[in-house]
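Chains W and V are the protein sequences, given in the same order. Heads up: the first sequence begins at 7 in this note's numbering, then just goes up one per residue. Heads up: the second sequence begins at 91 in this note's numbering, then just goes up one per residue. A short write-up of the structure that comes next.
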Amino acid sequence: DAMVIQNPRYQVTQFGKPVTLSCSQTLNHNVMYWYQQKSSQAPKLLFHYYDKDFNNEADTPDNFQSRRPNTSFCFLDIRSPGLGDAAMYLCATSRDRGGTGGLEQYFGPGTRLTVT
Amino acid sequence: DAKTTQPTSMDCAEGRAANLPCNHSTISGNEYVYWYRQIHSQGPQYIIHGLKNNETNEMASLIITEDRKSSTLILPHATLRDTAVYYCIVRPYSGTYKYIFGTGTRLKVLA
């Protein structure tokens, strides 16, 4: 089945040690998103890619970066994780035609990040 | 900020219809209503969306009031697997890629 895959499902990193989360998709969707979801809160958009164009949300900390080397893969890099960055990180995709804003989003299962 | 208001939690007996309300009194003419749900420790799952007409698919029905200021998601025969947080989101169909999730409704289906 076509899907959004996130690896690993659980990641433990040390305070200040860079960490990379990965997302891949077999849906061939042109838009990919990264969300942060802290415990008992709703998901919050960090940034998205429209094809190769990167779009950062205004309140996303500089500590968070992203790369999209091709259509299928997208990475979330946290340069110096703090205790406050412990959260579930969700990747999502959508198919968009001509800048219409996209159709429904398909989410991966998430990576739960623990910072020690 | 989210443009929707939902009850914090609801219970529903298994096999009965679950009716989840959402208020979106400031909705604009070009904004759609989307519903997603998030089962514990999983990513959100798309359920349904609509503009002004009622919509139905294999998962649920969406009833939007005539003034579009509120809507109801209906799960016709709730099962234990429908226990989840349900998010109602309004956004334009074009011009933005951003979903602003509100606090959602935690639905618990009881055996």
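From the three backbone atoms N, C-alpha and C, an ideal C-beta is built for every residue, glycine too.
Find the residues of chain B that neighbour residue i, judging by a C-beta separation of less than 9 angstroms, and give them in chain order.
i: Gln132 (chain V); result: This model lacks chain B altogether, as its protein chains are W and V.
Any beta carbon of chain V sitting closer than 7 angstroms to that of residue i?
i: Ala48 (chain W); result: yes
i: Gly107 (chain W); result: Interpretation of Gly107 (chain W) is limited by its pLDDT of 49, a score under 50 that renders its predicted location unreliable; the figure taken from the coordinates is listed afterwards. Yes, because at least one Cβ of chain V sits closer than 7 angstroms to the Cβ of Gly107 (chain W).
Between the Cα of residue i and those of the options, spot the shortest distance and give me the residue it belongs to.
i: Trp125 (chain V); options: V:Tyr177, V:Ser99, V:Thr116; result: V:Tyr177
i: Arg171 (chain V); options: V:Thr98, V:Met100, V:Lys93, V:Glu104; result: V:Glu104
i: Ser78 (chain W); options: W:Leu119, W:Tyr39, W:Gly22; result: W:Tyr39
i: Asn42 (chain V); options: V:Ile154, V:Pro182, V:Asn147, V:Asp157; result: Residue 42 (chain V) cannot be examined here, being either before or after the span of chain V that is shown, 91 to 201.
i: Ile117 (chain V); options: V:Thr186, V:Leu141, V:Thr146; result: V:Leu141
i: Gln135 (chain V); options: V:Tyr122, V:Asn143, V:Ala150, V:Lys159; result: V:Ala150
i: Ser102 (chain V); options: V:His139, V:Ile164, V:Ser160; result: Per the sequence shown, the amino acid found at residue 102 (chain V) is Cys instead of Ser. Of the listed residues, the one whose Cα sits closest to Cys102 (chain V) is V:Ile164.
i: Thr169 (chain V); options: V:Leu110, V:Leu200, V:Pro111, V:Thr162; result: V:Leu200
Could you tell me whether any Cβ in chain W is nearer than 7 angstroms to the Cβ of residue i?
i: Lys188 (chain V); result: yes
i: Tyr176 (chain V); result: no
i: Tyr136 (chain V); result: yes
Apart from the five residues on each side of it in sequence, which residues of its chain come closer than 6 angstroms, Cβ to Cβ, to residue i?
i: Thr95 (chain V); result: Asn113
i: Tyr16 (chain W); result: Arg118
i: Phe81 (chain W); result: Thr26, Ser28, Arg73
Quick one: what's got a C-beta closer than 7 angstroms to residue i's C-beta in the same chain, skipping five residues either side?
i: Leu96 (chain W); result: Tyr41, Gln43, Pro49, Phe113, Gly114, Gly116
i: Arg158 (chain V); result: Ile117, Lys142
Spatial neighbours of residue i within its chain, please: C-beta separation below 8 angstroms, excluding the five flanking residues on both sides.
i: Phe21 (chain W); result: Pro87, Gly88, Leu89, Val121, Thr122
Residues of the segment 49–70 of chain W with a CB closer than 9 angstroms to any CB of chain V: list them in chain order, please. Pro49, Lys50, Leu51, His54, Tyr56, Asn61, Glu63
Positions along the segment 7–37 of chain W whose CB lies within less than 7 angstroms of some CB in chain V: Val37
Which residues, in order along the segment 136–153 of chain V, keep a beta-carbon less than 7 angstroms from a beta-carbon of chain W? Tyr136, His139
For the segment 71–98 of chain W, which residues have a CB atom closer than 9 angstroms to at least one CB atom of chain V, in sequence order? Met94, Leu96, Cys97, Ala98
The segment 109–126 of chain V: which residues have C-beta closer than 9 angstroms to a C-beta of chain W, in chain order? Tyr124, Tyr126
What ranges does the beta strand (DSSP E) occupy inside the segment 38–64 of chain W, keeping only unbroken runs of at least 3 residues that lie completely in it? 50–56, 59–62
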